[in-house]
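Reviewing the structure listed below.
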Amino acid sequence: MSQIEISSANATEKGERATTRLSRLNEVTFWVMLGVVALAPIPFGSARGFFWGLLAFIIGTWALIYTIGVVAIWQGLRIGFERFGLQVLLMGIFCLWLVVQILPLDLVPLQLRDGVSVPLSTISVAPDATALMLVRQLTYGLFFILVLQACANETRRSLMFDVLLVITVAYGVFGLVSLQSGDTILGLEKWAYQGYATSTFVNRNSFATFLAMGGALAAARIGKLMADASLHHVNDGRPRNVRSNLIMYGLAYLFLVTVVLSTGSRMGLFVTIIGGAISATIAVRRSKRLAHLALAIPTALAIVVLAFVLYGSRVVERLGGLESSADVRSDLYWQIFEMVRERPFWGYGGGTFELAFPIVHQAPVSSDVVWSMAHNSYLALWVEAGLIFGSLPIIAIGAIAIKIITAVIRRRGNLETQAIALGVIAIGAIHSLVDFSLEIPANTFVFLALLAAGTASTVNLKVTK
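For the sequence shown, the UniProt record's numbering begins at 1 and goes up steadily by one.
What follows is the structure, encoded as structure tokens:
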């Protein structure tokens, strides 16, 4: 009997040691992935091949180290693949399709506008570009899984939100400083978007999306503080640091809105407000006092109005050109639709839009501009991967959104985390209708980090009080 007890005690001790080691591994993983997020915006949003390739190497190397560590510990993942099997399946099929597109199968020729048919050995019109897109997708998948494991710990999730908010504010500060001190990008003369804040990004809309996700973080923090204050019993005394934290997060949100206005991005401003409103509204949902919500609405409006007074002139100027801009986009989208109609199933190959678009490019879409992006991420996926396979990433993210919404409705999991994730999903989904912000790695990493945190919050569900 005593030997059984000793064996049981030894097994328990070994299990505790393994759990401790896994926790340490996840802690280091947490900081490595945050380091990736912090560094990604510096070299032009990591939109250049060398820079995102370097990040891919870091993430891939750490994923290998993490796998070896988990195997050595003899401990399973904190959040197993079975918890998000649908998403793994969908993205796995998507990546396999990218592989098929670069295989020498001689399946489909390329039809040119004048009716000439050009034989191709691969489905992709540029196999090298498709191979690079495959590497990017695998990198994003590994990043999501690693952050998911690290964010199984609620304390780490909360810390990540504050760190990411600091990161977005820091890049916002750098953007304003760069704008006011020579209007440069990393000390270099700008070649686009002169007179607008872009920080370390090339494109102002991409920078605005980056800031909008930080705004969703700040707004959710504000909502949570208001909810906590309303649930605090009067006999427990005044909640600690609520007022100072409200001021701090309120100023952070005001600052981010101000910087978004200085980018001149019309949709950037719209998604900043929408994403912040969604995050704050969900986060404050625990409050049973409608007075807090009534106070939050005019406060948020006051913040936006104040920021508009300070830096709104740039957005107002661009609103005047909204009609002409819409005409240009509609002409562009119509020609992209023609590309989709030409190859609805096969697509032109992942990552090949810039090379494939000249096939259909004609007036009235300007020939003075190099259309390297579709300015609509949904259309880009359908052009490059076809309607069926190109829809898989959209469905995967939609499935995560439904999972998080279900948890919110059932009041399970961490409500603040879910509020942030849904706010960020809204920001990405809306802005992707008119731009390519989530095709910029720096933005994708922030988006996936917050999406992973939201997914983690639905695992090992607890009733939200």
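C-beta: ideal position from N, C-alpha, C; glycine also.
query, result
"Contact the region 131-139 vs the region 345-359: 3+ CB pairs below 8 Å", "yes"
"Residue from Q149, I282, W346, V32 with nearest C-alpha to G423", "I282"
"Option in I167, A426, P393 with minimal Cα separation from C95", "P393"
"Nonlocal neighbours in the same chain, by C-beta distance under 6 Å from R17, ignoring five residues either side", "none"
"Candidates T200, G215, Q137: closest to L450 by CA position", "G215"
"Simplified DSSP state of L112, which is helix, strand or coil", "coil"
"Sheet register partners of T184 (DSSP bridge)", "E189"
"Proximal residues to Y193 (C-beta, below 6 Å), its chain only, five neighbours per side dropped", "R204"
"Run of the alpha helix (DSSP H) containing V202, from where it starts to where it stops", "From DSSP, V202 is part of no alpha helix (DSSP H); its letter is neither H nor E."
"Exposed unless 16 or more other CB atoms sit within 10 angstroms - verdict on N241", "exposed"
"Extent of the continuous alpha helix (DSSP H) run through A72", "49-73"
"Any 3 or more C-beta pairs closer than 8 Å across the region 392-409 and the region 363-374", "no"
"Distance, I427 Cα to L188 Cα", "30 Å"
"Neighbour-count burial assignment, V463, 16 or more Cβ in a 10 Å radius", "Low local confidence applies: a pLDDT of 40 at V463 is under 50, so the model's placement there is unreliable, and no value is given."
"Local Cβ density within 10 Å of D162, reported as buried at 16 or more and exposed below that", "exposed"
"Helix, strand or coil at S117 according to DSSP, with G and I counted as helix", "strand"
"Cutoff 6 Å; reference V260; Cβ partners in own chain excluding five residues on either side", "A208, L211, G268, L269, T272"
"Straight-line Cα distance separating W52 from I58", "10 Å"
"Inter-residue spacing [alpha-carbon to alpha-carbon] between Q75 and L415", "29 Å"
"Element boundaries [alpha helix (DSSP H), containing C95]", "85-101"
"Residue burial classification, G250 (beta-carbon count within 10 angstroms, cutoff 16)", "buried"
"Y140, enclosing alpha helix (DSSP H) - first and last residue", "127-150"
"Simplified DSSP assignment, three categories, for N153", "coil"
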